[in-house]
Amino acid sequence: MASCSGGGMNILITGANGFIGRNLAAWLAPSTDSRVLRYDLGNSLDELAQMLAQIDFVFHLAGVNRPLTEGEFQTGNVDFTAYLCAELVKLGRPVPLLLSSSIQAALDNPYGVSKREAEAVVTKYAHQANARVVIYRLQNVFGKWCRPNYNSVTATFCYNIAHDLPISISDPARELEMIHVDDVVNHFMQELKASDGTQGQVDIQTRQVTPSYKVTLGRLADLIRSFRQSRASLRVPDMSDEFTRKLYGTYLSYLEPDDFAYNLDKKSDTRGSLAEFIKSPAIGQVFISRTKPGITRGNHYHHTKTEKFLVVEGEAIVRFRHIETAAMIEYPVSGTDFRVVDIPTGYTHSIQNVGTTELITLFWSSEVFDPNWPDTYAMPVIPA
């Protein structure tokens, strides 16, 4: 087998147009050391034979999970796997193979039985060809490009909620164990590397993907609904939670191309304009302003709340005065400097546009604004 680290590998993906196959192909595409051959329903068995004659590694992801008849489980999951392995044996060389199976292989339903039999087929192939075989029993995979309203509740919830369509939840308390497609692909890529130099060795492994996440159907739906509502509320998800971060990325992938952008609620007056951008109890909030030449914003202080100012265009002076003293401090700032100014508690402060053009400023506040507890007290920086 050609070296995974730089010898021009030929890699076959069966089921290449499916959810996991597309993601795997996308991760493999940037590599200059490999060539990816893609097999799916649109290809003939003759084309498959031509591909197999060239390959150094097989990702066998093709399979059937929602057939019209139960007999298709046998033909799609078992018989095709047997045909693939028989063709590999004919090559007379130990081509490593990774099989995408399912945790349902441990169950006795028709789908689970067919996946278990497919595992037996590739295990037999490992002994026949003295090859390395890795079987991954996957559970509830979520991520971009999964087909909605088919066999993935996450894809269905994301698509329907993104399109303001209803969803159905039979049991909100039902718990799922979920894995993200990028984690699946990462495991697969590691197996590709691990197979380098294993020619002629029977090696059969059965694995599962980590990390996995347990979530109820009710919480899953609530999280995705909160993503949809975040454009109005401006509240971003808790990105410190790994599952939420991956689910949010999944949700955004189901937006229509003409729905990527949205407008903020801009408030304008004689000073210029201001709009809140994002809010989060964990990180506070961010807003942006445009300020006309000569105008000053601020002239207030906070007891608890802190802020950061970042001028991105224009010229300004940020002024401070401790609320118990008369001494004033000045910080000239410019959009060319990317200089951040911290606003400590107990200092009245202001920002004045001293340039000839509009001043554009990003503001960060440590707290989401609460009208019932604004923690903002008027006091001029420059005493009258």
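Using our numbering, you'd call the opening residue of the sequence shown number 25 and step up by one each time.
The C-beta atom is built at its ideal place from N, Cα and C for all residues, glycine as well.
Only a predicted model underlies this, so the values are computations on that prediction, with no experimental measurement involved.
Based on DSSP bridge pairs, tell me the residues matched to residue i.
i: Val165; result: Ile203
i: Gln309; result: Lys303 and Ser389
i: Ser358; result: Glu339
i: Glu111; result: Partner(s): none; Glu111 has no beta bridge.
i: Ser126; result: Leu162
i: Ser292; result: Ser297
i: Asp283; result: According to DSSP, which records beta bridges pairwise, Asp283 is partnered with nothing at all.
i: Glu331; result: Ile367 and Ser389
i: Thr230; result: Ile159
i: Leu61; result: Leu36
i: His324; result: His373 and Ala402
i: Arg259; result: Lys303
i: Thr240; result: Glu199
i: His84; result: Thr38 and Leu123
Let me confirm a value: residue i is counted as buried when at least 16 other C-beta atoms fall within 10 Å, else exposed. Which label applies?
i: Phe212; result: buried
i: Thr400; result: exposed
i: Glu280; result: exposed
i: Lys114; result: exposed
i: Pro395; result: exposed
i: Cys28; result: With a pLDDT of 43 at Cys28, under the threshold of 50, the modelled position of that residue is not reliable, and the figure given next carries that caveat. Classification for Cys28: buried.
i: Asn175; result: exposed
i: Lys139; result: buried
i: Tyr286; result: exposed
i: Ala179; result: buried
i: His373; result: buried
i: Met25; result: Reliability of the predicted coordinates at Met25 is poor, the pLDDT of 45 falling under 50, and no value is obtained from them.
i: Lys290; result: exposed
i: Asn210; result: exposed
i: Gln74; result: exposed
i: Ile353; result: exposed
i: Asn47; result: buried
i: Trp397; result: exposed
i: Ser292; result: exposed
i: Gly116; result: exposed
i: Gln128; result: buried
i: Arg345; result: buried
i: Met33; result: buried
i: Ile79; result: buried
i: Leu108; result: buried
i: Gly194; result: According to the sequence as given, residue 194 is Ser; it is not Gly. That one is exposed.
i: Pro407; result: exposed
i: Ser68; result: exposed
Could you check how far apart the C-beta atoms of residue i and residue j are, in whole angstroms? I think they sit under 8 Å.
i: Phe81; j: Leu216; result: 6 Å
i: Leu383; j: Val335; result: 7 Å
i: Ala142; j: Ser125; result: 7 Å
i: Ala197; j: Gly242; result: 7 Å
i: Val239; j: Met263; result: That pair is no contact at about 16 Å.
i: Gly338; j: Gly359; result: 5 Å
i: Arg295; j: Thr315; result: 6 Å
i: Tyr355; j: Ile341; result: 7 Å
i: Phe43; j: Trp169; result: 6 Å
i: Tyr63; j: Leu72; result: 5 Å
Are the CB atoms of residue i and residue j nearer to each other than 8 Å?
i: Val119; j: Ala155; result: yes
i: Pro305; j: Asn377; result: no
i: Arg161; j: Gln232; result: yes
i: Thr147; j: Val158; result: no
i: Gly136; j: Ala130; result: yes
i: Ala256; j: Phe181; result: no
i: His327; j: Thr369; result: yes
i: Thr437; j: Leu298; result: Because residue 437 is not part of the residues shown, which for the chain are 25 to 408, the question remains open.
i: Gln152; j: Ser236; result: no
i: Val440; j: Val165; result: Outside the shown range of the chain (25 to 408) lies residue 440, about which nothing can therefore be said.
i: Ser313; j: Phe387; result: yes
i: Ser389; j: Lys329; result: yes
i: Leu65; j: Glu111; result: no
i: Pro190; j: Tyr278; result: no
i: Ile347; j: Met403; result: yes
i: Leu122; j: Tyr149; result: no
i: Pro134; j: Glu199; result: no
i: Gly167; j: Asp103; result: no
Give a yes or no on whether the minimum CB-CB distance between residue i and chain B is below 8 Å.
i: Arg314; result: The chain labelled as chain B is not found in the depicted structure, where only one protein chain is given.
**Asked** Touching or not, the stretch 213-232 and the stretch 272-292, by the rule of three or more beta carbon pairs under 8 Å?
**Response** Contact fails: fewer than three Cβ-Cβ distances are below 8 Å.
**Prompt:** Between the stretch 321-337 and the stretch 361-368, are three or more C-beta pairs nearer than 8 Å?
**Reply:** Judged by Cβ distances under 8 Å, the stretch 321-337 makes contact with the stretch 361-368, as three or more pairs qualify.
**Message:** Can you confirm whether the stretch 68-86 touches the stretch 30-42 when touching is taken to mean that 3 or more C-beta pairs between the two stretches lie within less than 8 Å?
**Reply:** The stretch 68-86 and the stretch 30-42 touch, with three or more beta-carbon pairs separated by less than 8 Å.
**Item:** Cβ pair count under 8 Å reaching 3, the stretch 55-71 against the stretch 97-106
**Value:** Verdict: no, contact absent.
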